[in-house]
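First comes the structure, then the notes that go with it.
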Amino acid sequence: MLDAPRTLEELQAVLTSAPSATALLDALMDAEGEICLQSDDTALLQSYYSAYLFALLLRDELTEARMLNRRIPRSLTSADTALETHFRDRTLEDLSLAYGALRPETAASYLGFDIAPPSTDAMEDVSSPTTSEIIEILVQRGWEYDSATNLLKPIISTSVAGDPELDQVKIGQLAALLGTHGG
Numbered sequence: 001m002l003d004a005p006r007t008l009e010e011l012q013a014v015l016t017s018a019p020s021a022t023a024l025l026d027a028l029m030d031a032e033g034e035i036c037l038q039s040d041d042t043a044l045l046q047s048y049y050s051a052y053l054f055a056l057l058l059r060d061e062l063t064e065a066r067m068l069n070r071r072i073p074r075s076l077t078s079a080d081t082a083l084e085t086h087f088r089d090r091t092l093e094d095l096s097l098a099y100g101a102l103r104p105e106t107a108a109s110y111l112g113f114d115i116a117p118p119s120t121d122a123m124e125d126v127s128s129p130t131t132s133e134i135i136e137i138l139v140q141r142g143w144e145y146d147s148a149t150n151l152l153k154p155i156i157s158t159s160v161a162g163d164p165e166l167d168q169v170k171i172g173q174l175a176a177l178l179g180t181h182g183g
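In full-length UniProt numbering, the protein residues as written are 1 to 183.
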């Protein structure tokens with residue numbers, strides 16, 4: 001991409017003219033530096049970052065999506081939480097499959113939360129959740145918390161036999177085990 005989009009119309013043209021998801025993602029990645037430095041149009045920036053984050057999620061680039069989520073100015077994300085919620089839901093599903101247990105601070109990091117220490121100053125910004133709030137959020141989402149070990153444990157639901165997605169997960173887990181323990 002030669003120039004970053006400077007208007008919503010130019011961004012729409014980039015989004016609709018990309019020949020593939022990979023090409024779209026490449027175009028959005030290439031434009032990030034220029035669009036951030038040269039644009040003060042909040043609507044353009046919100047649309048750009050929403051499209052970029054969505055493109056990353058579509059390509060299952062969760063690590064990059066998490067990093068992008070941290071780079072997006074908070075003033076832009078407060079208006080549109082739908083993508084952030086989708087990202088956290090997707091990451092939570094992956095964490096449930098990948099880990100048997102996590103410390104609350106680790107789970108918060110993966111989910112894009114910055115843990116705030118308990119505050120005694122009423123004048124401080126309270127936008128960051130505390131560890132107990134992270135625990136509460138995950139328990140509401142079906143995780144168990146063991147206070148003796150300070151670990152959160154996902155509750156894996158039993159699935160219907162023959163579920164192709166779960167079969168893929170099982171194959172991946174078996175491949176990982178064979179890779180580390182196989183002969």
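Built from N, CA and C at the ideal position, the CB exists for glycine as well.
G112 and R88 - do their beta-carbons sit closer together than 8 angstroms?
Pairing R88 with G112 gives a Cβ-Cβ distance under 8 angstroms.
Secondary structure, alpha helix (DSSP H): runs of 4+ residues fully inside the segment 30 to 114:
Counting only runs of 4 or more, we get 42 to 58, 62 to 71, 74 to 77, 82 to 98 and 104 to 110.
Taking buried to mean at least 16 other C-beta atoms within 10 Å of its own C-beta, is I156 buried or exposed?
By the neighbour-count rule (16 or more Cβ atoms within 10 Å), I156 is not buried but exposed.
On the CB-based measure, 16 or more other CB atoms within 10 Å of its CB, does N150 come out buried or exposed?
Under this definition N150 is an exposed residue.
Which word fits P104, buried or exposed, when buried means at least 16 other C-beta atoms lie within 10 angstroms of its C-beta?
Burial of P104 is indicated by the presence of at least 16 other C-beta atoms within 10 angstroms of its C-beta.
Near P154, what residues of its chain come up, given a Cβ to Cβ distance below 6 angstroms and the 5 sequence neighbours on each side ignored?
In the same chain as P154, and ignoring 5 residues on each side of it, the C-beta atoms closer than 6 angstroms to its own belong to S96 and W143, in chain order.
Based on the DSSP secondary-structure assignment, which residues constitute the bridge partners of E144?
DSSP lists K153 as the beta-bridge partner residues of E144.
Please state whether DSSP places D3 in a helix, a strand or coil.
Three-state DSSP puts D3 in coil, outside helix and strand.
Residue burial classification, Q46 (beta-carbon count within 10 angstroms, cutoff 16):
It counts as buried.
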